[in-house]
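Residue numbers (this note's numbering): 111 to 247. Data first, discussion second: the structure below is written as structure tokens.
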Ligand code: GCU
Ligand code: CA
Ligand code: CA
């Protein structure tokens, strides 16, 4: 498993800010996107062995509603993840999806589908045969 934090190789960009005002996050903080549909965060990974990989985001959603996101791979929608209310902004849990990845460097984008934006996103973990975090092109 590779785990990508905000200040590390593989973290490319986020709409909004990297915040640290709710306890329990890991690394330097968490990505707080604006409350708008289309708000997104991007990562870059290098897949050495093609196959099914699991994407898992650690998140907090202190709002009342789920904040689902589309998963885009190099700009193409490949799945969704639901970020259900976690019980508070300092209460962290995980959500994710399994996706098929070919070998090579891929840009992964998580993009809010509702006007509430994304949950606060603490990290992305990628589990599968053989991958590494990649420089953002
Ligand atoms: C609050 C909270 C933020 C969160 C935001 C939201 O302002 O402090 O961390 O991102 O709500 O609703 O998205
Ligand atoms: Ca937010
Ligand atoms: Ca983090």
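Think of the CB as a built atom: it goes at the ideal place given N, C-alpha and C, for glycine as much as any other residue.
Where residue i and residue j are concerned, what is the direct C-alpha to C-alpha distance, given to the nearest angstrom?
i           : j           : result
residue 126 : residue 182 : 19 Å
residue 245 : residue 119 : 6 Å
residue 240 : residue 159 : 5 Å
residue 227 : residue 164 : 23 Å
residue 242 : residue 168 : 18 Å
residue 130 : residue 139 : 5 Å
residue 187 : residue 180 : 7 Å
residue 230 : residue 199 : 8 Å
Of the residues the options, which one's Cα is nearest the Cα of residue i?
i           : options            : result
residue 191 : 185, 207, 203, 199 : 207
residue 166 : 135, 209, 122      : 209
Is it buried or exposed for residue i, if we count other Cβ within 10 angstroms and need 16 for buried?
i           : result
residue 142 : buried
residue 205 : buried
residue 232 : buried
residue 154 : buried
If residue i sits next to residue j, beta carbons under 8 Å apart, how far is it from one beta carbon to the other, in whole angstroms?
i           : j           : result
residue 114 : residue 220 : Actually they do not touch by this definition, with Cβ atoms about 12 Å apart.
Assuming contact is defined by CB atoms lying nearer than 8 Å, are residue i and residue j in contact in what I supplied?
i           : j           : result
residue 117 : residue 137 : yes
residue 195 : residue 223 : no
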